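Here the structure is laid out as structure tokens; the discussion comes afterwards.
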DNA sequence: CTATTAGCTAGAGTCGGCTCTAGATCAAGC
DNA sequence: GCTTGATCTAGAGCCGACTCTAGCTAATAG
């Protein structure tokens with residue numbers, strides 16, 4: 006039931022340094038108990054919370070925002086609308102992020118396709134002067150004749 | 006046709022500091038010319054390249070990777086397979102990123118929904134002891150009775 | 001009992017990607 | 001010519017999120 010910092014580190018993927026840092030920064034929902042000797046005692050719940058944190062973190066929520074959220078939880082019932090607002094804001098940001106990534110992906114795929122075709126062509130036929138991938142405005146070098154796409 | 010660093014800053018959204026930094030770091034596809042007095046002269050092409058860079062950056066490509074790509078472009082024809090590999094790797098990373106964000110979004114939406122329902126319930130009926138949003142394992146506080154979901 | 005391994009604190013260091021400063025120079029309008 | 005605002009260079013500083021160090025203590029296996 007009780008876990009040492011080393012075990013939590015293994016199971017959460019966070020370093021022991023990071024775990025101590027998180028505690029110092031007030032990022033745990035519950036206070037972490039200590040042994041008489043001063044060593045941290047974690048519980049399964051803390052691991053679960055860390056898993057939630059990981060999700061928030063990897064979707065780009067800052068530690069500061071997580072701390073804010075934790076503070077609201079610690080204050081207890083009565084501020085649910087604030088927690089909701091915080092989460093809802095983050096939801097919108099994640100959606101925007103996904104949207105932007107899709108746009109980037111379009112651009113990247115376009116380039117990948119052009120290069121893939123070019124490489125396939127040059128390998129297949131060993132043409133003397135293969136047509137460059139495309140005339141994208143990306144690569145503006147004064148490259149004499151070769152594929153100039155960025 | 007020719008642009009000062011200030012104009013490029015305005016049109017690219019990058020600060021003049023960042024533009025000088027990018028040049029120092031070798032992130033421009035073409036060398037940036039100078040006036041006799043030493044001031045930078047940009048061209049439309051540079052702006053277009055910056056726009057491409059912005060896409061790569063905002064999809065998480067590091068400046069180091071962009072520099073690598075620029076180096077390949079500057080070497081001219083013959084290394085298209087390397088450029089392809091670099092772009093293809095990045096494509097895969099972006100896809101993975103999107104996938105992860107979707108998973109995070111699921112979690113966030115679940116919480117948002119739970120809180121939204123709770124807030125709606127408490128506002129509508131002013132119940133004395135409304136049912137907490139859910140029994141998510143997120144908030145492990147010893148909160149007496151209120152909604153304990155993180 | 002002791003050696004080893006794990007954990008403790010406070011605080012310094014790292015890294016990426018800029019941002020800002022200082023002090024000098026350039027360019028344009030009056 | 002002079003002022004004003006833009007630009008120049010070299011280099012310091014900053015921010016977030018850790019990571020690492022030093023010097024010490026706790027827990028455990030033999």
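Residue numbers (this note's numbering), protein chains in the order written: chain A, 6 to 155; chain B, 6 to 155. In this text, a Cβ means the ideal position worked out from N, Cα and C, and glycines have one as well. Since we're looking at a predicted model, the values are computed, not measured.
Check, Outcome
"Beta-carbon gap between residue 68 of chain A and residue 116 of chain B smaller than 8 angstroms", "no"
"Test item: CB-CB of residue 124 of chain B and residue 85 of chain A under 8 angstroms", "yes"
"The region 29-39 of chain A / the region 50-58 of chain A touching (three or more Cβ pairs under 8 angstroms)", "yes"
"Spatial neighbours of residue 39 of chain B in its chain, beta-carbon cut-off 7 angstroms, leaving aside the 5 residues before and after", "45, 46"
"Nearest-angstrom Cβ-Cβ length linking residue 28 of chain B and residue 37 of chain B, presumed shorter than 8 angstroms", "6 angstroms"
"Proximity test, Cβ basis, 8 angstroms: residue 123 of chain A and chain B", "yes"
"Cβ of residue 22 of chain B within 8 angstroms of any chain A Cβ", "no"
"heavy atom of the ligand HEM below 7 angstroms from residue 81 of chain A C-beta", "The ligand HEM is not part of this structure, which contains no ligands at all."
"Contacts of residue 63 of chain A in chain B (Cβ-Cβ under 7 angstroms)", "105, 109"
"Which residues DSSP lists as bridging residue 103 of chain A, in chain order", "Note: residue 103 of chain A sits in no beta bridge, so no partner."
"Cβ neighbour criterion (16 or more within 10 Å) applied to residue 51 of chain A", "buried"
"Enclosing beta strand (DSSP E) for residue 37 of chain A [first to last residue]", "Taken as a continuous stretch (DSSP letters only), residue 37 of chain A belongs to no beta strand (DSSP E), as it is neither H nor E."
"Helix, strand or coil at residue 19 of chain B [DSSP, three-state]", "coil"
"Limits of the unbroken alpha helix (DSSP H) element including residue 78 of chain A", "68-80"
"Proximity below 8 angstroms, CB of residue 96 of chain B to CB of residue 110 of chain A", "yes"
"Alpha carbon of residue 7 of chain B to alpha carbon of residue 54 of chain B, nearest angstrom", "15 angstroms"
"Inter-residue Cα distance where the pair is residue 66 of chain A and residue 98 of chain A", "9 angstroms"
"N- and C-terminal bounds of the alpha helix (DSSP H) containing residue 50 of chain B", "49-63"
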